[in-house]
Amino acid sequence: MNILVIGSGGREHAICHTLKRSPETERLFCVPGNPGIAKIAECPALPKNDWNAVAEFAAANDVKLVVVGPEAPLCDGAADLIRAKGIAVFGPSKDAAQLEGSKDFSKKFMTKYGIPTAAFGTFDNREDARAYVNAQYDRGIDLVVKADGLAAGKGVIVAADRAEALAAVDFCFDGAFGSAGARVVLEECLIGEEASILALTDGKSIQALASSQDHKRQLDNDMGPNTGGMGAYSPAPVVTDELMAAVQEQVLNRFLAGIQTEKLDYRGLIYAGIMVTKDGPKVLEFNVRFGDPETEAVLIRLKSSLADALYKTALGKLDEVNLMWADAPGICVVLASGEYPVGSIVKGHPISGIEEAEKCGAVVFHAGTSTDEQGRFVNAGGRVLVVAQSAPTISKAIDAVYKSLAHISWKDMQYRHDIAQKALKHQI
Ligand code: AMP
Ligand code: GLY
-6 MNILVIGSGG
4 REHAICHTLK
14 RSPETERLFC
24 VPGNPGIAKI
34 AECPALPKND
44 WNAVAEFAAA
54 NDVKLVVVGP
64 EAPLCDGAAD
74 LIRAKGIAVF
84 GPSKDAAQLE
94 GSKDFSKKFM
104 TKYGIPTAAF
114 GTFDNREDAR
124 AYVNAQYDRG
134 IDLVVKADGL
144 AAGKGVIVAA
154 DRAEALAAVD
164 FCFDGAFGSA
174 GARVVLEECL
184 IGEEASILAL
194 TDGKSIQALA
204 SSQDHKRQLD
214 NDMGPNTGGM
224 GAYSPAPVVT
234 DELMAAVQEQ
244 VLNRFLAGIQ
254 TEKLDYRGLI
264 YAGIMVTKDG
274 PKVLEFNVRF
284 GDPETEAVLI
294 RLKSSLADAL
304 YKTALGKLDE
314 VNLMWADAPG
324 ICVVLASGEY
334 PVGSIVKGHP
344 ISGIEEAEKC
354 GAVVFHAGTS
364 TDEQGRFVNA
374 GGRVLVVAQS
384 APTISKAIDA
394 VYKSLAHISW
404 KDMQYRHDIA
414 QKALKHQI
């Protein structure tokens, strides 16, 4: 069948790469795609964010499945619109996408359906928010400040103390995140190790993918500001069989019951960001799409057909899918522009060494590249490349991925040197 993917990041490159390996895939399209994706998929030039144009293109090219990668098109109703034209879509409806598009909506959903999460309050004015901050700190409770709406992974501030929490509240209400920060969620700060659980659901059943762990902070040893993610590995040893059973029961099954009761049309992927606390798993956030860079580390381990799994999910036949995973762990490391995540990115530096890295066994996904007049790849975003590799053990995978990425460079490139070290600690 012909398949069309919407998106342009490392996640979509990994999805396209994995679809390409699926026996069912005939023609593969990606809109808008990127220079790396263009090597394995056709990337037609369509008007930006015009889902009608995508639906028309899909119908004209006998596309049987549209896979929506990022959250923004989902929150914009892309899945509903394309589905209404009679094409199967992997991606939740606009109503369901609020589970990511509004943190307040998401937290209320968790509370209603008994999904464990941090205590919280939602505020639409500065004075009440500041009063709540003071009241919580008076009781000895540390807070995390979250812009309610979509903020490209940057709308969460883990405050070090009361003063920082108050400053973060002011930051949001001063418009730092635009309309996304007009409402603010203040949440109890949880302590523990994080893990990402991605699951397919068609609204009738739910099936988890292999576990993974992201590295959200910019610098080694989890220092520096939060980013969209600097690297990931799969599986995550913190997700023991016992923990996974608790996540299945308390998070995934209750999530399924919730979307059924609320009559939310959910045929896609649900991402639960989990904090493993001493009281068990608690959900930090839901995302309504594959995680980035978790996807790059997870999908290189998929042995069964991704095209089949996504198509059956879109058709409401997830119960016919049996995902199979390679035992070998997967790791990916994000190579970012020097200014990421806080500065304004200096673009256009030529990138060298991608082919050499690939010769060492790595898969190099493009996240933020473009090409210059001479046809060379150049950096064009914050997160630029994602280098992924698997090997029989986690320590071998670490060695392998870092050896491969050592071939790649451009001016001011940065990356974390300690991706997956946390997995090793579990082995000791
Ligand atoms: P979110 O986008 O809500 O997942 O938040 C981004 C990151 O902020 C998470 O991956 C955590 O590292 C951190 N974070 C979010 N909520 C909390 C919380 N309640 N307690 C501690 N850390 C949090
Ligand atoms: N890696 C975190 C996210 O995709 O939101």
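The sequence shown begins at -6 in the numbering used here and counts up one residue at a time.
We put the CB at the ideal spot given by N, CA and C, even for glycine.
- Residue range 261 to 270 is occupied by the beta strand (DSSP E) that includes tyrosine 264.
- Annotation: the continuous alpha helix (DSSP H) that includes tyrosine 304 extends over 299 to 308.
- Following the DSSP letters along the chain, one finds leucine 212 inside the beta strand (DSSP E) bounded by residues 210 to 212.
- With 16 or more neighbouring CB atoms inside 10 Å of its own CB, glutamate 289 falls in the buried class.
- In the DSSP annotation of this structure, the continuous segment of the beta strand (DSSP E) that includes tyrosine 226 starts and ends at 224 to 227.
- Within the segment 149 to 226, the runs of alpha helix (DSSP H) that reach at least 4 residues and sit entirely inside it are, in chain order, 155 to 166.
- Scanning Gly107, Tyr304, Arg210 for the CA closest to the CA of glutamate 242 turns up Gly107.
- The beta carbons of leucine 183 and alanine 192 sit no closer together than 8 Å.
- For the segment 323 to 356, the continuous beta strand (DSSP E) assignments of 3+ residues that do not extend past its boundaries occur at 323 to 329, in sequence order.
- Here phenylalanine 166 has Arg119 as same chain residues with Cβ atoms under 6 Å from its own Cβ, once five neighbours each way along the sequence are excluded.
- The beta carbon of glutamine 407 sits closer than 6 Å to those of Ala329, Gly331, all from its chain and outside the five residues before and after it, given in chain order.
- Taking non-hydrogen atoms of the ligand AMP into account, the C-beta of leucine 277 is found less than 7 Å away from one of them.
- Among the bridge pairs identified by DSSP, lysine 275 is matched with Met268.
- Under the three-state reduction of DSSP, arginine 376 is assigned to strand.
- Closer than 7 Å to some heavy atom of the ligand AMP: that describes the Cβ of methionine 268.
- Relative to glutamate 186, the option among Met268, Met216, Glu349 whose CA is nearest is Met268.
- By the CB criterion at 8 Å, alanine 265 and isoleucine 324 fall outside the cutoff.
- Judged by DSSP secondary structure, phenylalanine 116 falls within the beta strand (DSSP E) whose first and last residues are 113 to 116.
- The segment 298 to 306 makes no contact with the segment 345 to 365, as fewer than three CB pairs between them are under 8 Å.
- Glycine 284 sits buried, since 16 or more C-beta atoms from the chains shown fall within 10 Å of its C-beta.
- Taking all protein chains shown into account, glycine 2 has 16 or more neighbouring C-beta atoms within 10 Å of its C-beta and is therefore buried.
- Secondary structure at tryptophan 403: coil, using DSSP grouped into helix, strand and coil.
- Per DSSP, threonine 254 has no beta-bridge partner at all.
- With distances taken between CA atoms, isoleucine 263 lies nearest to Val276 out of Thr254, Asp272, Lys271, Val276.
- Secondary structure at valine 394: helix, using DSSP grouped into helix, strand and coil.
- Under the 10 Å beta carbon count, proline 40 is surrounded by fewer than 16 other beta carbons and is classified as exposed.
- Secondary structure at histidine 359: strand, using DSSP grouped into helix, strand and coil.
- When the beta-carbon positions are compared, serine 95 and aspartate 141 come within less than 8 Å of each other.
- Only residues of its own chain outside the window of five on either side were considered, and among them Gly361 have a CB closer than 6 Å to the CB of glycine 374, listed in chain order.
- Two segments are said to touch when three or more pairs of C-beta atoms, one from each, lie closer than 8 Å; by this definition the segment 25 to 32 does not touch the segment 51 to 62.
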